[in-house]
Amino acid sequence: MANTSYRMMERRQKLQLRSYLLLCLVFALGISYFSYMKWQELDHAKEGVKNNQALLLDLREKESDEKSIYESKKAAFDQQNKEIEQRIATVFPVSDEYTALTRQIDQYEKELASKSKAFEVSNLDFQNPLVMTDYSILPVRMNIRSSSDNFTKFLHLMENSGSLDDNVRLMDISSIRLNFENSDGKTKVENINFSVQINAYFQNT
2 MANTSYRMME
12 RRQKLQLRSY
22 LLLCLVFALG
32 ISYFSYMKWQ
42 ELDHAKEGVK
52 NNQALLLDLR
62 EKESDEKSIY
72 ESKKAAFDQQ
82 NKEIEQRIAT
92 VFPVSDEYTA
102 LTRQIDQYEK
112 ELASKSKAFE
122 VSNLDFQNPL
132 VMTDYSILPV
142 RMNIRSSSDN
152 FTKFLHLMEN
162 SGSLDDNVRL
172 MDISSIRLNF
182 ENSDGKTKVE
192 NINFSVQINA
202 YFQNT
């Protein structure tokens, strides 16, 4: 009987030992798998950091290049902006600038006038400015004696006024009255006398 009890106890101890060994094996495998996965994650993280550092270095180099390009062209951009602002101030000034407009009309008269083709401006009359919602208007009335060719050029000037390329004050014709010299239906018209009212635009202050 004692022999039987001893054998049963021995078997039970062996069974417990096997269970313990199996448990240790499972635990060891779990630790190994967990460690492997964490090592993989760490390796990927290191690779990501390495790639990010390379990308950051590349971006810094590009930033430096772009900054150098910007600095090299900034002076030209500033000069161009200044020229555009000056041209805008000419074609669409911040006040009525009737003195500058008078000079511009005189200059245009000198450019067109010649012995063979007349262009004479008289009775230049500036009226009171009209304040609108987004801009103001300086009405100008004048009498002009002009050849037919210069009359056409004058109309083109009004049509193309406000162009930043030509630096001509922004204007349009609100009314015009024509009187043709030597107009009998048979003789070619030599000169045109016309009275014109122009609207010269400027910014509200």
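Every number in our numbering is 1 more than the matching position in the sequence shown, counting from 1.
Glycine included, each C-beta is placed from N, C-alpha and C at the ideal position.
How far does the alpha helix (DSSP H) with Ala114 in it reach, from first residue to last?
Note, Ala114: premise wrong, no alpha helix (DSSP H); not H, not E.
Going by Cα to Cα distance, which pick from Tyr136, Pro140 and Thr153 is closest to Thr206?
Out of Tyr136, Pro140 and Thr153, Tyr136 has the C-alpha closest to the C-alpha of Thr206.
Look at the Cβ atom of Asn200, then the Cβ atom of Ala119, and state whether they are nearer than 8 Å.
Not a contact, by the Cβ cut-off of 8 Å.
For the beta strand (DSSP E) containing Phe203, name the first residue and the last one.
Here the beta strand (DSSP E) through Phe203 covers Asn192 to Phe203.
Could you say if the stretch 89-104 and the stretch 139-152 meet the contact criterion of at least three C-beta pairs nearer than 8 Å?
The stretch 89-104 is in contact with the stretch 139-152.
Should the stretch 159-177 be called in touch with the stretch 59-71, which here means at least 3 C-beta pairs below 8 Å?
Verdict: no, contact absent.
Taking its Cβ as the centre, do 16 or more other Cβ atoms sit within 10 Å of Ser117, making it buried, or is it exposed?
That one is exposed.
Short of 6 Å in beta carbon distance, which residues of its chain neighbour Phe28, apart from the five on each side in sequence? Order them along the chain.
None.
By the three-class DSSP mapping on this structure, what secondary structure does Glu160 have?
Helix at Glu160.
What three-state label does DSSP hand Glu121 in the structure shown?
Reduced to three states, the DSSP call for Glu121 is strand.
Taking Ser175 as part of the beta strand (DSSP E), name the residues at either end of that continuous run.
Met172 to Phe181 is the span of the beta strand (DSSP E), which, as asked, contains Ser175.
Please state if the CB of Arg178 and the CB of Leu155 are separated by a distance shorter than 8 Å.
What sits at residue 155 in the sequence shown is Phe, not Leu. Contact: no.
Along the beta strand (DSSP E) that carries Asn144, what are the first and last residues, could you check?
Asn144 -> beta strand (DSSP E) spans Ser137 to Ser148.
Going by alpha carbons, who is nearest to Thr91 out of Phe181, Gly163, Asp173 and Arg146?
Among Phe181, Gly163, Asp173 and Arg146, the Cα nearest to that of Thr91 belongs to Gly163.
Please report the straight-line C-alpha distance between Phe93 and Phe78, rounded to a whole angstrom.
If I take the Cα positions, the gap works out to 22 Å.
In chain order, what residues of the same chain lie with their CB nearer than 6 Å to the CB of Leu171, ignoring the 5 residues before and after it?
The answer, listed in chain order, is Val92, Phe93, Ser162, Gly163 and Tyr202.
Indicate whether Ile145 and Glu121 have their beta-carbon atoms separated by less than 8 Å.
It is a contact, given that the beta carbons lie within the stated cut-off.
Got a sec? Which residues, its chain only, sit under 6 Å from Ser175 by beta carbon, not counting five neighbours each side?
Excluding positions up to five away in sequence, the list reads Gln198 and Asn200.
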